[in-house]
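K.L.:
Same order as they appear, the protein sequences are chains S and H. Count along the first sequence from 1, add 322, and you get the number used in this note's numbering. Count along the second sequence from 1, add 12, and you get the number used in this note's numbering. C-beta atoms are modelled at their ideal positions from N, C-alpha and C, and glycine is treated no differently. Have a look at this one.
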Amino acid sequence: MTNLMNVSYDTQIPNNVGLSSDKRVLKALEKWHPGYINWWKDLGPNGFHESQVYLRTAVSVDPKGWAKFDYVKMPEYRWGILLAPQVEDRRIPFGEHLGEPVWQEVPGEYRAMLRRLIVIQGDTEPASVEQQRFLGATAPSLYDMRNLFQVNVEEGRHLWAMVYLLQKYFGRDGREEANELLRRQSGSDEAPRMLGAFNEETPDWLSFFMFACFTDRDGKMQLESLAQSGFDPLSRTCRFMITEEAHHMFVGETGVGRVIRCTCEAMKEAGITDPYDINAVRELGVIDLPTIQKKLNLHYTLSLDLFGSEVSTNAANAFNAGIKGRFRETKIDDDHQLKNSTYPIMRLRDGVIVNEDVPALSGINMRLRDDYVRDASGGVRRWNAIIEKLGIELELKVPHQAFHRQIGEFSAVHTTPEGLIISDDQWKDRQLEWLPSKEDGEYIKSLMKPELEPGKYAGWIAPPRMGIDNKPGDFEYVQIQDS
Amino acid sequence: MGERIDFQVDPNSYRHWRIEYNNDIASLYMDVDENGGLFDGYELKLNSYDLGVDIELADIVQRMRFEHPEIKVVVMRSAKDKVFCAGANIRMLGRSSHALKVNFCKFTNETRNTFEAASEDSGQLYMSAVKGSCAGGGYELALATNYILLTDDGSSSVSLPEVPLLAVLPGTGGLTRVTDKRKVRRDLADVFCTLEEGVRGQRAKEWGLVDEVVSNAKFDAVVGERAREFADSLDTGKPSNGIELTPLSRTFEEGGNIRYSTVSVDIDRNKGIARIDIAGPADAAPKTTEQLERDGAESWMLRCARELNDAILNLRLNELEVGVIVFGTQGSNELVSAHEKFLIDNKDHWLANEILKFWKRVLKRVDMTSRSLVALVEPGSCFAGVLAELLFSVDRSYMAEGEFEDDDRPVASILLNEGNFGLYPMSNDLSRLQTRFLGDPDKIVSAAKRKNEPLEAGEVDELGLVTFCFDDIDWDDEIRIFFEERAKFSPDAMTGMEANLRFAGPETMETRIFGRLTAWQNWIFQRPNAVGAEGALQSYGTGVRGKFDMGRV
Chain S
323 MTNLMNVSYD TQIPNNVGLS SDKRVLKALE KWHPGYINWW KDLGPNGFHE
373 SQVYLRTAVS VDPKGWAKFD YVKMPEYRWG ILLAPQVEDR RIPFGEHLGE
423 PVWQEVPGEY RAMLRRLIVI QGDTEPASVE QQRFLGATAP SLYDMRNLFQ
473 VNVEEGRHLW AMVYLLQKYF GRDGREEANE LLRRQSGSDE APRMLGAFNE
523 ETPDWLSFFM FACFTDRDGK MQLESLAQSG FDPLSRTCRF MITEEAHHMF
573 VGETGVGRVI RCTCEAMKEA GITDPYDINA VRELGVIDLP TIQKKLNLHY
623 TLSLDLFGSE VSTNAANAFN AGIKGRFRET KIDDDHQLKN STYPIMRLRD
673 GVIVNEDVPA LSGINMRLRD DYVRDASGGV RRWNAIIEKL GIELELKVPH
723 QAFHRQIGEF SAVHTTPEGL IISDDQWKDR QLEWLPSKED GEYIKSLMKP
773 ELEPGKYAGW IAPPRMGIDN KPGDFEYVQI QDS
Chain H
13 MGERIDFQVD PNSYRHWRIE YNNDIASLYM DVDENGGLFD GYELKLNSYD
63 LGVDIELADI VQRMRFEHPE IKVVVMRSAK DKVFCAGANI RMLGRSSHAL
113 KVNFCKFTNE TRNTFEAASE DSGQLYMSAV KGSCAGGGYE LALATNYILL
163 TDDGSSSVSL PEVPLLAVLP GTGGLTRVTD KRKVRRDLAD VFCTLEEGVR
213 GQRAKEWGLV DEVVSNAKFD AVVGERAREF ADSLDTGKPS NGIELTPLSR
263 TFEEGGNIRY STVSVDIDRN KGIARIDIAG PADAAPKTTE QLERDGAESW
313 MLRCARELND AILNLRLNEL EVGVIVFGTQ GSNELVSAHE KFLIDNKDHW
363 LANEILKFWK RVLKRVDMTS RSLVALVEPG SCFAGVLAEL LFSVDRSYMA
413 EGEFEDDDRP VASILLNEGN FGLYPMSNDL SRLQTRFLGD PDKIVSAAKR
463 KNEPLEAGEV DELGLVTFCF DDIDWDDEIR IFFEERAKFS PDAMTGMEAN
513 LRFAGPETME TRIFGRLTAW QNWIFQRPNA VGAEGALQSY GTGVRGKFDM
563 GRV
């Protein structure tokens, strides 16, 4: 296994898992491949199958040089199966099997639980590609278009990664699940994607950036906790996926940052100091900061829902079984079994939001969500630094955890972004102060005009500070061909 | 568990029973050796019995059919004064583990059923001549016979004192046979089952608890007359000589593995799995019934049934940690089927009939085994006819699909024959295929159309005859995962789930005994009112009454 740092191209599928000698999985993957390509052509980026896109392709799992950049047509992208190198004598880092050697095969008793987790993770990967399939047509620049496609092909690769695990370790059930991953479709009435946030459409680029920043960050947290898994192949797969996921977060966070910068610069140039003078700001053809706050509220809260219920038996079971750990489990200083400890979580008790200690095992979801909140808040802080530097008086804020929730205890109540419980009527009256209205969406949509000239950017978004792969500003990231 | 409990006994050294043969009538005397208990710590007083007594009895009933086909009536009597049989030994029950109690009851129940099976299947009728006290398991023994005579001596009685005396149930079919077989009115049954001293004389006859009450002076004469009448009414056409059930060829190996001539048992203790492998016949089927009789216990169908029966009983009583029993077979489908079909074609011949009916009982014993049962149809296997019944008896079956790499055995196939369509009913009186396809009887028709031809995985899957088919690529992994998963479930939940799923369809007296009666009994066996330190079983014989928690559950 140690010689598998470099990717083998001796099969149709680049991999570092010795696929050419694993006829069973190779056969299964090759059978699945045409369906995947059809899916990509039907539901992947619409209208760009023939275009040459300057993409990075993973060629190694060595952190010091794992990718190479080149032009490629997306349907010909070399999606591969890449696992982080096996750590010698790795031990299960948590749960009741703490300290036992990690599993290289699926333990029979946890098969169903593992399969469910992998399927849920796998289901999110193609979902976002589907959600974003029409965005190429309104890209604010070739740079952004390329970033979108990069995110898309990598989500595609993450689907491959999950499909590999299903096909390698879960027999016929696994193959069936792999096919189902291509059957479900984002937003479909017939067979929707499994998680709510992945059935919401991504109607514009600000939504995409917000999605990449907040929803992909949930993905990152999930991958981080699965990377701790005692099932070693899952751990290794997720560890490598996290490497790629970092770019998605970068695209989201810098994307929103560039929108903010553009708005603030335009306001400054026009001499507008009141960020709430929305009409005046919109006159400038940029997106006003209050609307950005509303988009933040929406995407952030949808993403919180992805963490599941506050008190969760499933999460407790998965932790105790050694299947899914906590964020940076090995860095945490405790017994890693949590049988006797508690964790404080926010709960709804008799209509009041209170902090309550619950058994730490059943609070596992919340622990991960708290880590997520910290992680996400860092990005919001950096956005505020831009606003402050440009002298506008407004601070973006992440809303309270009880605000606008569809899942968990707080789905039973309405609150303000500050977490004040309000009546249904008050909510009806005021929700559009906090969440994007139809008009807000239409305004943003009106700005979504493609800018296809190399080096040029739409008027509502600032250029990036640096090019991808250190390319110059006018680099042609996408060579558009009709398809 | 200490010493291995052995189900093979030497008929020349029964300790507890004596048989007198008189032309077509046999007298079976119960004469339990007080010091002949299977375990230490109790005396088998008053013709009370333990598992050892019952193992001998089961052997007697079995040999009566194979070795004494001339016998038409078996009269059960006591060789002791003033007591017919006092039932299961209470001290033995009191000191037994729960598992031993449960398995003891199951085996005794199966043995009682063989009385009834003997008359139905073989024209060998059992009657009881009750003199003295006939209590609890003793009366249950009598209930299992076809005809009960009770002497009217002013003291002899029949009773089921379990409830008032011991706070448990008459669990060897007692409650069920009183209402279902003897059809005693339910309110009278309620009185009877709560009356410690039981019922004597004419009242026993009036309530339907016995068939005939005879004055003590005439008792032996009337018993003789009745036996004669029954024997004369039966025209079985069976010969005067049977075949000998010779000792099994059986070797115990280290680790509990067993080698028989056609069956082997291999136990993986780490995984809690026992594999029972059956080798199909090597030789052609007998050509004539004379040859069948000459082959006797050596003929493959009989040998295999006896060995399988012994292997199952051994796992049940001696291997409590084995949670999964896996059936595998190797051999020729055609040869297995040919051997069976010879018997089916000659089923009017007494021995052919006995062997087929024995298979019926062995397969029921498999159905009734409280372990996860699995069949693996591997390349080269011979799940044909009677062995295919195993596929429909187990909880799950897995079939290998197509060629397997580096395996030159024939591609796995199964073969159905007429035996699969009603010859071996389950305890619910349906065939295993009828039970399997309770909701889709057309499937039985489809399967019947494919009789006598080898069926490979694709067709078997389509016909719904196995649970899953896996090819070379998936086989090892799927099987491993299944076993690992199964091994982690609670054994109690498995036993309960399997027992519920196996017996779909109508209730019969048998299913009620093994389902309702046994389940309630086993529940009571776990409750402090019976088995607690102050419970009735523990305090029995101390003069102190059991203390009950009076809360109803």
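(1) Count the other CB atoms within 10 Å of the CB of Met788 of chain S; is the residue buried (16 or more) or exposed (fewer)?
(2) Measuring CB to CB, does Gln472 of chain S end up less than 7 Å from Leu377 of chain S?
(3) Which of helix, strand or coil does DSSP assign to Asn662 of chain S?
(4) Tell me, to the nearest whole angstrom, how far the beta carbon of Leu754 of chain S is from that of Pro597 of chain S; I am working on the premise that it is less than 8 Å.
(5) Under the rule that 16 or more other beta-carbon atoms within 10 Å means buried, what is Trp535 of chain H, buried or exposed?
(6) What's the call for Thr613 of chain S, buried or exposed, on a 16-neighbour Cβ count within 10 Å?
(7) Starting from Gly99 of chain H, follow its DSSP beta bridges and name the residues at the other end.
(8) Put Gly444 of chain S into one of helix, strand or coil per three-state DSSP.
(9) For Leu513 of chain H, does the count of other Cβ atoms within 10 angstroms reach 16, so buried, or fall short, so exposed?
(10) Cβ closer than 8 Å: which chain H residues qualify as neighbours of Val428 of chain S?
(11) Which residues, taken in chain order from the segment 486 to 502 of chain S, show a beta carbon closer than 7 Å to some beta carbon of chain H?
(12) Could you pull the start and end residues of the alpha helix (DSSP H) that Lys345 of chain S belongs to?
(13) Of all the CB atoms in chain H, is at least one closer than 7 Å to the CB of Glu431 of chain S?
(14) The beta strand (DSSP E) spanning Met411 of chain H covers which residue range?
(15) For the segment 410 to 430 of chain H, list every residue whose C-beta sits within 9 Å of some C-beta in chain S, in sequence order.
(16) Our contact map puts Val695 of chain S next to Val720 of chain S with C-beta atoms below 8 Å; I'd like the distance itself, whole angstroms only.
(17) Pick from H:Ser134, H:Leu327 and H:Glu413: whose alpha carbon is nearest that of Asn287 of chain H?
(18) Please confirm if the segment 347 to 363 of chain H is in contact with the segment 290 to 300 of chain H, defined as three or more CB-CB distances below 8 Å between the two stretches.
(19) Secondary structure at Asn464 of chain H, three-state DSSP: helix, strand or coil?
(20) Taking Cβ positions, are Thr507 of chain H and Asp441 of chain H nearer each other than 7 Å?
(21) Chain S partners of Asp570 of chain H, CB-CB under 8 Å?
(22) Sorted by chain position, which residues of the same chain lie with C-beta nearer than 8 Å to Met458 of chain S's C-beta, five sequence neighbours on each side aside?
(23) Taking just the CA atoms, how far does Ala111 of chain H sit from Ile356 of chain H?
(24) Where does Asn253 of chain H sit, in a helix, a strand or coil, going by DSSP?
(25) Answer with yes or no whether the minimum CB distance from Glu510 of chain H to chain S is below 7 Å.
(26) Identify the continuous beta strand (DSSP E) that holds Glu224 of chain H and give its terminal residues.
(27) Would you please verify whether the beta carbon of Glu333 of chain H is less than 7 Å from any beta carbon of chain S?
(28) Looking at chain S, is there any beta carbon in it that lies within less than 7 Å of the beta carbon of Leu500 of chain H?
(29) Using the Cβ count rule (16 or more neighbours within 10 Å means buried), how would you classify Phe515 of chain H?
(30) Between H:Ser134, H:Arg103, H:Gly99 and H:Val142, which has its C-alpha nearest Asn121 of chain H's C-alpha?
(31) For Trp361 of chain S and Arg703 of chain S, what's the separation of their Cα atoms in angstroms?
(32) Could you tell me which uninterrupted alpha helix (DSSP H) segments, each at least 4 residues in length, are contained entirely in the segment 179 to 238 of chain H, listed from first to last along the chain?
(33) CB Phe19 of chain H to CB Asp322 of chain H, shorter than 7 Å?
(34) List the whole-angstrom C-beta distance separating Ser60 of chain H from Lys143 of chain H, where the pair is believed to meet the contact cut-off of C-beta under 8 Å.
(35) I want to know whether the segment 473 to 480 of chain S touches the segment 384 to 404 of chain S - three or more CB-CB distances under 8 Å.
(36) Is the Cβ of Glu496 of chain H closer than 7 Å to any Cβ of chain B?
P.N.:
According to the structure shown:
(1) Exposed is the call here.
(2) Contact flag set, yes.
(3) Reduced to three states, the DSSP call for Asn662 of chain S is coil.
(4) That belief does not hold up - the Cβ atoms of Leu754 of chain S and Pro597 of chain S are roughly 18 Å apart, past 8 Å.
(5) Burial call: exposed.
(6) By the 10 Å Cβ count, Thr613 of chain S comes out buried.
(7) As a beta-bridge residue in DSSP terms, Gly99 of chain H pairs with H:Ser60.
(8) Three-state DSSP puts Gly444 of chain S in a helix.
(9) In the assembly as shown, Leu513 of chain H is an exposed residue. Its beta-carbon has fewer than 16 other beta-carbons within 10 Å.
(10) Residues of chain H passing the Cβ test: Ile493.
(11) Within the segment 486 to 502 of chain S, contact with chain H at the beta-carbon level (separation under 7 Å) is assigned to Gly493 and Arg494.
(12) Here the alpha helix (DSSP H) through Lys345 of chain S covers Lys345 to Leu365.
(13) Yes, contact with chain H.
(14) Element bounds for Met411 of chain H: Arg408 to Glu413.
(15) Flagged: no residues at all.
(16) About 7 Å separates the CB atoms of Val695 of chain S and Val720 of chain S; that is less than 8 Å, so the two are in contact.
(17) Asn is not the amino acid found at residue 287 of chain H; the sequence shown has Arg there. Among H:Ser134, H:Leu327 and H:Glu413, the Cα nearest to that of Arg287 of chain H belongs to H:Leu327.
(18) Yes, since at least three Cβ pairs between the segment 347 to 363 of chain H and the segment 290 to 300 of chain H fall closer than 8 Å, the two stretches touch.
(19) In this structure, DSSP gives Asn464 of chain H a state outside helix and strand, which the three-state scheme calls coil.
(20) For Thr507 of chain H and Asp441 of chain H, no; Cβs fall outside 7 Å.
(21) The structure shown does not extend to residue 570 of chain H, since chain H is modelled only from 13 through 565, so no value can be given for it.
(22) For clarity, residue 458 of chain S is Gly in the given sequence; the question names Met instead. When the five nearest sequence neighbours on each side are left out, the beta carbons in the same chain lying within less than 8 Å of the beta carbon of Gly458 of chain S are those of Pro367, Asn368, Gly369, Phe370, Met467, Leu470 and Phe471, in order along the chain.
(23) Pairing Ile356 of chain H with Ala111 of chain H, the inter-Cα distance amounts to about 38 Å.
(24) In the displayed model, Asn253 of chain H falls within coil according to three-state DSSP, outside both helix and strand.
(25) No, no contact with chain S.
(26) Element bounds for Glu224 of chain H: Glu224 to Ser227.
(27) No, Glu333 of chain H lies away from the interface with chain S (no Cβ there is under 7 Å from its Cβ).
(28) Before going on, a small fix: residue 500 of chain H reads as Lys here, not Leu. Output row for Lys500 of chain H: interface = yes.
(29) It counts as buried.
(30) Cα-wise, what sits closest to Asn121 of chain H is H:Gly99.
(31) Trp361 of chain S and Arg703 of chain S have their C-alpha atoms some 38 Å from each other.
(32) Fully enclosed alpha helix (DSSP H) runs of 4 or longer: 198 to 205 and 213 to 218.
(33) Closer than 7 Å, so yes.
(34) About 17 Å separates the two Cβ atoms, so there is no contact after all.
(35) Yes, the segment 473 to 480 of chain S touches the segment 384 to 404 of chain S.
(36) No chain B is present in this structure, whose protein chains are S and H.
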